[in-house]
Amino acid sequence: MIQYSLKCSNDHQFDSWFQSASAFDKLAGAGMVECSVCGSSKVEKAIMSPRLNQTGNTPAPKPQAQLSEPSGDYEQAVAKLKSEVEKNSDYVGNDFVRQARAMHDGEQPQRAIHGEARGDEARKLLEDGVPVMPLPFTPTRKTN
745 MIQYSLKCSN DHQFDSWFQS ASAFDKLAGA GMVECSVCGS SKVEKAIMSP
795 RLNQTGNTPA PKPQAQLSEP SGDYEQAVAK LKSEVEKNSD YVGNDFVRQA
845 RAMHDGEQPQ RAIHGEARGD EARKLLEDGV PVMPLPFTPT RKTN
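In the working numbering, the protein residues as written are 745 to 888.
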């Protein structure tokens, strides 16, 4: 196992453990490593000092501050949006495309939903007149 200090495209820093360096590269390359603060999948290794075996009475390094509530205006707005969306709609996960199309075609009752779609699926929904939009956060059910 290896621990990396990571940084997202919004300059949030956090640590995570990986089975190996190649495991990190593979997961990050597939967009599967997400910022623990904002959910961005544009994550890279941050500059970090190596941990050397210490002997004697060398004090252990102080732990980094725990993540807290969103601090900036953007983070607060995204947190509020996430709360409202999750409170007022149903998470349908990977069934989003099918359910959105079924509601649009009148095959099932209209209701507010959010879920997941690949880019090509979302584009096809829009081309067919189905009103969808990307959300700037990771659903709570997908976060660790």
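Cβ atoms here follow ideal geometry from the backbone N, Cα and C, with glycine treated the same way.
Secondary structure of residue i, DSSP reduced to three states
i: Lys831; result: helix
i: Glu788; result: strand
i: Phe840; result: helix
i: Asp817; result: helix
i: Val822; result: helix
i: Met847; result: helix
Close beta carbons around residue i, own chain, < 8 Å, minus the five adjacent residues each side
i: Asn838; result: Gly859 and Glu860
i: Met792; result: Tyr748 and Ser749
i: Glu819; result: Val781 and Cys782
One or two residues paired with residue i in a DSSP bridge
i: Glu865; result: Answer is none; Glu865 lacks a bridge partner.
i: Ile857; result: Asp834
Beta-carbon proximity list for residue i, same chain, < 6 Å, skipping 5 on both sides
i: Val706; result: Nothing can be reported for residue 706, as the shown portion of the chain is limited to 745 through 888.
i: Pro883; result: Tyr835
Proximal residues to residue i (C-beta, below 7 Å), its chain only, five neighbours per side dropped
i: Ser784; result: Cys752, Ser753, Asn754 and Glu778
i: Arg885; result: Tyr835
Cβ distance (whole Å) where residue i is taken to contact residue j below 8 Å
i: Glu865; j: Val841; result: 5 Å
i: Arg845; j: Val874; result: 6 Å
i: Val787; j: Pro880; result: Not confirmed; about 16 Å, so no contact.
Whole alpha helix (DSSP H) elements within the segment 746-774, 4-residue minimum: 765-773
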